[in-house]
Amino acid sequence: MANPETALKEAMTIEGAIGVALVDYGSGMALGTLGDSAELDLNVAAAGNTDLVRAKMRTMEMLNLQDNGIEDILITLSSQYHLIRPLTTSGGRGLFLYLALARSRSNLAMARHQLRRIEANLEV
1193 MANPETALKE
1203 AMTIEGAIGV
1213 ALVDYGSGMA
1223 LGTLGDSAEL
1233 DLNVAAAGNT
1243 DLVRAKMRTM
1253 EMLNLQDNGI
1263 EDILITLSSQ
1273 YHLIRPLTTS
1283 GGRGLFLYLA
1293 LARSRSNLAM
1303 ARHQLRRIEA
1313 NLEV
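Heads up, the sequence shown is in this note's numbering, so the first residue is 1193 and it goes up one at a time.
Laid out in structure tokens, this is it:
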């Protein structure tokens, strides 16, 4: 099991990683961030993506979707991928991992696979 700091460091080793954050979507606050890209303010991204996660969860509830929850959310920009992965472990409820990738240097399928593995090993 990995602590949040170790998980963030591991996420930054994903090919093309620009930045990563562990976010509390109840408050919108980043509990930890890693990455020093001038093109991305991780605290602003954490707060903004909190609204997205909340909206999707409300929509699923209104539609009465009896799914196991959100596996991940992908936002595709012209030069970046943004992955949002809500934590499913009992200690991680209410948190999500946010990973920004440079599109030209990343493999989206591998990044999703690696982020899933990191989430599974994360102990909060």
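Just so it is clear, CB atoms sit at the ideal spot from N, CA and C, and this is done for glycine as well. None of the values given here were measured: they were computed from a predicted structure.
Compare the Cα-Cα distances from residue i to each of the options and report the closest residue.
| i | options | result |
| --- | --- | --- |
| Arg1297 | Lys1201, Gly1208, Asn1195, Leu1200 | Gly1208 |
| Leu1287 | Ala1238, Tyr1217, Arg1309 | Tyr1217 |
| Gly1227 | Ile1206, Asp1243, Ala1247, Ala1239 | Ile1206 |
| Asp1233 | Glu1197, Thr1268, His1274 | His1274 |
| Ile1276 | Leu1257, Ile1265, Met1249 | Ile1265 |
| Leu1314 | Asn1256, Ile1210, Gln1272, Thr1281 | Thr1281 |
| Leu1272 | Arg1309, Ala1294, Thr1198 | In the sequence as displayed, the identity of residue 1272 is Gln instead of Leu. Comparing Cα-Cα distances from Gln1272 to each of Arg1309, Ala1294, Thr1198, the minimum goes to Ala1294. |
Please classify residue i as buried or exposed, where buried requires at least 16 other C-beta atoms within 10 Å of its C-beta.
| i | result |
| --- | --- |
| His1305 | exposed |
| Glu1311 | buried |
| Glu1231 | exposed |
| Ile1267 | exposed |
| Ala1303 | buried |
Pop quiz: residue i and residue j are said to be a contact at Cβ under 8 Å. What is the actual Cβ separation, rounded to whole angstroms?
| i | j | result |
| --- | --- | --- |
| Thr1245 | Pro1278 | It should be pointed out that residue 1245 corresponds to Val in this sequence rather than to Thr. Correct: roughly 6 Å between the Cβ atoms. |
| Asn1241 | Thr1225 | The pair is not a contact, with the Cβ atoms about 12 Å apart (cut-off 8 Å). |
| Val1215 | Ala1203 | With a Cβ gap of about 13 Å, Val1215 and Ala1203 do not count as contacting. |
Could you name each continuous beta strand (DSSP E) segment of 3 residues or more that falls completely within the stretch 1239-1281, going from the start of the chain to the end? Taking only runs of at least 3 residues, the beta strand (DSSP E) segments lying wholly in the stretch 1239-1281 are 1265-1268, 1272-1278.
Unbroken beta strand (DSSP E) runs of length 3 or more, entirely within the stretch 1201-1236: which are they? Qualifying beta strand (DSSP E) stretches, in chain order: 1209-1216, 1221-1226.
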